[in-house]
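Heads up: the structure comes next, in structure tokens.
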Amino acid sequence: MQNLQQENRQRGKSALKMGGISVQEHNIVIPGISLCPKWGKIRIFHSTIVALGEPKYIRFLFNPEKRGFVVQACARKEAECFRVPKYNPENWEFKISSVPMLRMIWKTCEWDTEKTYRLTGICHSEYNLVEFDMKQATVLTVEAVSYTHLRAHET
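Take the position in the sequence shown, starting the count at 1, then add 33; the result is the number in my numbering.
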């Protein structure tokens, strides 16, 4: 079991480097998010929504002591929830503007404010959530890769 977890973590790191979070040839969906303070956006990858069972709404939970971030599915509109857009493979994008949340995360995690960070998560289906360990964040580096190439690996 531990070997499988290590293998999945390595696949997740490889997928992150390619800009995608889904490893389809093995039917593994690795949930992911990116956080960008420059634009004040939290980007939810489609793989995260798929892992949650494609809910209509999600919400964020943040634990500063543990440096944990959670995306949780919600069955109905509640306070501080966000509506998930309908999936369209041509141009699906789910970005949430939350400058106060990002400021709190950056301050807590002591991240470089000039960098964008990506995280892979672990789905806990019994709680309808995906958990992200902020201590495991990787800095997004932009290489000579087209935007279309990055999007092709996400779904």
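All residues carry an ideal CB built from backbone N, CA and C; glycine is no exception.
With a CB to CB cut of under 6 Å and the five nearest residues on each side skipped, what residues in its chain are close to PRO70? LEU135, TRP139, THR146
Go ahead and pull the three-state DSSP assignment for LYS148. coil
Validate contact between the region 116 to 125 and the region 79 to 95 using beta carbons, cut 8 Å, 3 pairs: yes
In the structure shown, what three-state DSSP assignment does THR153 receive? strand
Per DSSP, ALA108 is paired with what? Paired residue(s): none; ALA108 is not in a bridge.
Using the DSSP secondary-structure output, state which residues sit across from ILE138 in a beta bridge. According to DSSP, ILE138 bridges with nothing at all.
Candidates GLU159, GLY65, LYS110: closest to PHE102 by CA position: GLY65
Helix, strand or coil: how does DSSP classify ILE63 here? coil
Are the beta-carbon atoms of VAL83 and VAL62 separated by less than 8 Å? yes
What are the complete alpha helix (DSSP H) segments, minimum 4 residues, inside the region 69 to 116? 79 to 84
Consult DSSP for GLU126 and reduce its assignment to one of helix, strand or coil. coil
Tell me whether GLU143 sits in a helix, a strand or coil according to DSSP, three-state version. coil
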